[in-house]
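Written below as structure tokens is the structure these notes are about.
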Amino acid sequence: MEAIQDLSAEHEQPTVAASADVVDDMTSFFGGQEELRCTSDKPTAFNDNRSCPINDVLPICNELLFDICMELREKRGGLLSLVCFPTDEPKRIPPRNVDCQRSKKSLLWLLRTHGCIEKLKLRCNWMTVHSCILLELTEYSRLKRLKVDCPCGDTVKRNIVTLLSRLVHLEELHVYVSEKSDILVAAISALLRNTACLTSLVFRAHSENQLSQTFIHALATNSTLEYLEILGKWDTAEPPGPFWSYVKSNELLSKLYLFGEELDHEGSLLEEALVCNYHISTLYIHKVCGGERTVNVLTRILAECISLKNLTLGDSRDEFNIISEAALNGCMNVLVVNNTLEELELSYSLWHPTNWITFLAFLPNNKHLKTLEVTSSFYPDYKMYLPVLEALQQTNSPGRISFGCYMPTTVELDLLRFRAFSGVCIEGALKEKVDTLQSLLTLNHLTSVVIDSRECDQQLFDCMAKYIKEKTVLRGIILFISNTAGDAPAACWEPLFESLSSNTSIRYLRIIVRGHFSYAGHLARAVGRSRSITQMFYEEYRPEWDPSGFLSPLSRELDENYNLLEVSLSNTAKMDAETTCCWFKVREVSRRNSGLVKRAGAAIQSPTLDWYAANALEKVSRRPVLVRELAEKEGLAVDEVAKMLRSRLVSVDGMNDFMRLTGVVKKAVMCAPPVDGCNFQIQDLNVDCWRLVRRYLSFDDVKRCPVAKPDDPMAE
Numbered sequence: 001m002e003a004i005q006d007l008s009a010e011h012e013q014p015t016v017a018a019s020a021d022v023v024d025d026m027t028s029f030f031g032g033q034e035e036l037r038c039t040s041d042k043p044t045a046f047n048d049n050r051s052c053p054i055n056d057v058l059p060i061c062n063e064l065l066f067d068i069c070m071e072l073r074e075k076r077g078g079l080l081s082l083v084c085f086p087t088d089e090p091k092r093i094p095p096r097n098v099d100c101q102r103s104k105k106s107l108l109w110l111l112r113t114h115g116c117i118e119k120l121k122l123r124c125n126w127m128t129v130h131s132c133i134l135l136e137l138t139e140y141s142r143l144k145r146l147k148v149d150c151p152c153g154d155t156v157k158r159n160i161v162t163l164l165s166r167l168v169h170l171e172e173l174h175v176y177v178s179e180k181s182d183i184l185v186a187a188i189s190a191l192l193r194n195t196a197c198l199t200s201l202v203f204r205a206h207s208e209n210q211l212s213q214t215f216i217h218a219l220a221t222n223s224t225l226e227y228l229e230i231l232g233k234w235d236t237a238e239p240p241g242p243f244w245s246y247v248k249s250n251e252l253l254s255k256l257y258l259f260g261e262e263l264d265h266e267g268s269l270l271e272e273a274l275v276c277n278y279h280i281s282t283l284y285i286h287k288v289c290g291g292e293r294t295v296n297v298l299t300r301i302l303a304e305c306i307s308l309k310n311l312t313l314g315d316s317r318d319e320f321n322i323i324s325e326a327a328l329n330g331c332m333n334v335l336v337v338n339n340t341l342e343e344l345e346l347s348y349s350l351w352h353p354t355n356w357i358t359f360l361a362f363l364p365n366n367k368h369l370k371t372l373e374v375t376s377s378f379y380p381d382y383k384m385y386l387p388v389l390e391a392l393q394q395t396n397s398p399g400r401i402s403f404g405c406y407m408p409t410t411v412e413l414d415l416l417r418f419r420a421f422s423g424v425c426i427e428g429a430l431k432e433k434v435d436t437l438q439s440l441l442t443l444n445h446l447t448s449v450v451i452d453s454r455e456c457d458q459q460l461f462d463c464m465a466k467y468i469k470e471k472t473v474l475r476g477i478i479l480f481i482s483n484t485a486g487d488a489p490a491a492c493w494e495p496l497f498e499s500l501s502s503n504t505s506i507r508y509l510r511i512i513v514r515g516h517f518s519y520a521g522h523l524a525r526a527v528g529r530s531r532s533i534t535q536m537f538y539e540e541y542r543p544e545w546d547p548s549g550f551l552s553p554l555s556r557e558l559d560e561n562y563n564l565l566e567v568s569l570s571n572t573a574k575m576d577a578e579t580t581c582c583w584f585k586v587r588e589v590s591r592r593n594s595g596l597v598k599r600a601g602a603a604i605q606s607p608t609l610d611w612y613a614a615n616a617l618e619k620v621s622r623r624p625v626l627v628r629e630l631a632e633k634e635g636l637a638v639d640e641v642a643k644m645l646r647s648r649l650v651s652v653d654g655m656n657d658f659m660r661l662t663g664v665v666k667k668a669v670m671c672a673p674p675v676d677g678c679n680f681q682i683q684d685l686n687v688d689c690w691r692l693v694r695r696y697l698s699f700d701d702v703k704r705c706p707v708a709k710p711d712d713p714m715a716e
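In our numbering, the protein residues as written are 1 to 716.
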């Protein structure tokens, strides 16, 4: 974000009058294509489920926006989101003033002419410099989602307040406030009182700020919210009674996330409010007191919250307290008869290990609960786990209960055989790491692994490569590389890179190098050639390191890569102009791939298909990793999503549909009379022949062009 911080206010705050010709300039820039406008009388993204024509030039738009650290991304239904780059973005050479002005003009043009921008995601540093631009948002805007990290500064806050008052279609609002801001709280309160659309609110105030009574009363009068996530100060002598009254009587709220300290303390009214609400299906409580106080609250929630499907209780203030037999049995008895709860997440410190043994013994009596996740936010004493895991083994509940990632100083393989952990951290002495990797080859339940590679040892590298190559359930890898390991011979690294590129299950890869990594290019090529990795994070742990050795080869490998959805570098990286171009290309590939998944998700439910939707369906259906990604987003089984994709593609599988969607013909293929004695023409291909052609012909292989004019005899 250095590019933002280095811009002077005098250069970055042009008047609206100075930009009055923006729309004409940008329309001219795109070749005078009036179709790129998306105004109130031609809301292209809302017409017959067709995507806005600007989707054809998103790479150009993003190149124009790049110098002010913003980009357009596709959303479902042909809509667009306009997002700031992450705050941990790599540093780059500050752009020239003329380039910044061009970027700002592009942003103004988009805000003034495109009502199909459905989401804005704005970060602190960007807001400090550019918040006044938001006031140019068209009055016809269909903006439904706004996410703001709010910085200091009265001007910025006033601009946000003005923006909020204009967003009459807003459905989701995320606001993160770093300091007390009465003007923002008042604006959000007014929105809550007056909105007819807002269904989701995330409001994170500073932890020292008591929730204002104005805000709480506005919540109480709201009749639209279904999702509420809130952070504030709750531990005052007089608890915010009106808020609990709101929770108690609300009949629409279905998801409630509460962040704060010890929210279930005596006198907090949390318990009474929750048990009187019969509509909440998801409840998250960040921090609890622990001990019998929390167990009693948990018991009442399980017994009386009749719609609850997902429950999370976070860390405990009082850890590993021994719970009385009466209190624990009371909790277990109501859990056994509970037939609505599907997912339960509890902290391991909620009660003593002996209580866990009792709890796990009861658990098989509840047939409805699908998953129990037991979490730890620290390195626990794993020796205390052994009797607990032995009790778990007796429950015969494989896959139903998880204790998260196993992160000991020394791996105890006896604990891993219980199949309770979904991940493992491998560190320590060289021999221990080699032995652990060899032993893990016999286990097929671990989905993530963290490996600390400090040594230049051929056997260790061979073990890592073999483990990665053979594990078909492995989803994530984090690899720490020391200077010594980074300087290992190529013979050590080549098998490892080959394993990374050939593995078909790995989706998340994070590489953290302590110093310079001479094999960064080899790693980049392995990632680019992988057909399963969707997320990649790369960092060299040193100040202002040069990422060109990684980004340059990666950018050259991505033309045919449709699985990479996210690439991140640490903010300690510093790029020159050439590397910045490579970084832009990498970002655009991930944007394109993410857009295909979102577009395909909308297309499987759309009654009609255009070229954008058909191309997305085709690209996603041919790549298992994208089918899996879409299934997770839709909350459906992979096989079911694959079937839905095939079904939608069948509807446009014929020659006439293909030619029509690609713009070759208007309605159907009709050839001119044959010449030179050639009697066989494309319209004569039967179904089987056309299907054979389509194996090698995709929707995006045809250069799209305007369809023939209606008076053209070949227009049919």
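All C-beta atoms in this analysis are idealised placements derived from N, C-alpha and C, irrespective of residue type, glycine included. Quick caveat: nothing in here was measured; it's all calculated off a predicted structure.
Assess, as a yes-or-no matter, whether the region 567-583 is touched by the region 525-544 under the definition of 3 or more beta carbon pairs within less than 8 Å. Here the region 525-544 lies against the region 567-583, with 3 or more beta-carbon pairs under 8 Å apart.
Starting from residue 418, follow the beta strand (DSSP E) in both directions and report where the run begins and ends. Per DSSP, residue 418 belongs to no beta strand (DSSP E) and is neither H nor E.
Alpha carbon of residue 698 to alpha carbon of residue 615, nearest angstrom: C-alpha separation (whole angstroms): 8 Å.
DSSP on residue 667, reduced to helix/strand/coil? Taken through DSSP and simplified to helix, strand or coil, residue 667 comes out as coil.
By the 10 Å Cβ neighbour count, where 16 or more other Cβ atoms means buried, how is residue 659 classified, buried or exposed? Per the 10 Å Cβ criterion, buried.
Would you tell me roughly how many angstroms separate the C-alpha atoms of residue 97 and residue 104, rounded to the nearest one? In this model, residue 97 and residue 104 are separated by some 10 Å (Cα to Cα).
Cβ neighbours of residue 521 in the same chain (closer than 6 Å, five flanking residues each side left out): So the qualifying residues of the chain are 549 and 553.
For residue 160, which of helix, strand or coil comes out of DSSP? In the structure shown, residue 160 sits in a helix (DSSP, three-state: H, G or I).
Does DSSP put residue 351 in a helix, a strand or coil? Residue 351 falls in the coil class under three-state DSSP.
Could you tell me whether the region 51-67 touches the region 502-518, using the rule of 3 or more Cβ pairs below 8 Å? Put simply, the region 51-67 does not touch the region 502-518. Fewer than three CB pairs are less than 8 Å apart.
Suppose only complete runs of 4+ residues qualify. What are the alpha helix (DSSP H) ranges in the region 578-647, listed by chain order? If only complete runs of 4 or more residues are kept, the region 578-647 shows the alpha helix (DSSP H) at 611-621 and 624-634, in order along the chain.
So, with DSSP's three-state summary, where would you put residue 315? Correct three-state label for residue 315: strand.
Do residue 596 and residue 633 have their beta-carbon atoms positioned less than 8 Å apart in this structure? For residue 633 and residue 596, no; Cβs fall outside 8 Å.
Reference residue 205, options 494, 502, 254 and 188, closest by Cα: Selected option, being the one with the closest Cα: 188.
Spatial neighbours of residue 488 within its chain, please: C-beta separation below 6 Å, excluding the five flanking residues on both sides. For residue 488, the CB contacts under 6 Å within the same chain, skipping 5 residues up- and downstream, are 456 in chain order.
In this structure, does DSSP put residue 445 in helix, strand or coil? Coil.
Unbroken alpha helix (DSSP H) run spanning residue 105, endpoints: Counting along the chain, the alpha helix (DSSP H) containing residue 105 begins and ends at 97-113.
Please classify residue 676 as buried or exposed, where buried requires at least 16 neighbouring CB atoms within 10 angstroms. The residue is exposed, with fewer than 16 neighbouring Cβ atoms inside 10 Å.
Start-end ranges of the beta strand (DSSP E) lying completely within the region 461-513, minimum 3 residues: Correct list: 476-481 and 508-513.
Out of 509, 501 and 647, which one is the CA nearest neighbour of residue 606? Nearest C-alpha to residue 606 among 509, 501 and 647: 647.
Along the chain, where does the beta strand (DSSP E) that runs through residue 539 open and close? Its beta strand (DSSP E) spans residues 535-540.
Find out if the Cβ-Cβ distance for the pair residue 127, residue 156 is shorter than 8 Å. Taking the C-beta atoms as reference points, residue 156 is found nearer than 8 Å to residue 127.
I need the DSSP call for residue 215, collapsed to helix, strand or coil. In this structure, residue 215 counts as helix in the three-state DSSP scheme.
Residues that DSSP places opposite residue 402 in a beta bridge: The beta-bridge partner set that DSSP reports for residue 402 consists of 373.
Report yes if the CB atom of residue 313 is closer than 8 Å to the CB atom of residue 288, and no otherwise. Cβ atoms of residue 313 and residue 288: closer than 8 Å.
By the three-class DSSP mapping on this structure, what secondary structure does residue 60 have? Helix.
For residue 598 and residue 77, what's the separation of their Cα atoms in angstroms? Taken atom to atom, the span from the alpha-carbon of residue 598 to that of residue 77 is near 8 Å.
As a quick exercise: from 146, 159, 601 and 245, pick the residue whose alpha carbon is nearest that of residue 129. Ranked by how close their Cα comes to the Cα of residue 129, the residues 146, 159, 601 and 245 have 159 in first place.
Can you give me the C-alpha to C-alpha distance between residue 730 and residue 331, rounded to a whole angstrom? Since the first and last residues shown for the chain are 1 and 716, residue 730 lies out of range.
Just confirm the distance between the C-beta atoms of residue 604 and residue 563, as a whole number of angstroms; I'd bet it's less than 8 Å. Actually they are not in contact, since the Cβ atoms of residue 604 and residue 563 sit about 19 Å apart, beyond 8 Å.
Going by the DSSP bridge assignment, what does residue 81 pair with across the sheet? DSSP lists 73 and 119 as the beta-bridge partner residues of residue 81.
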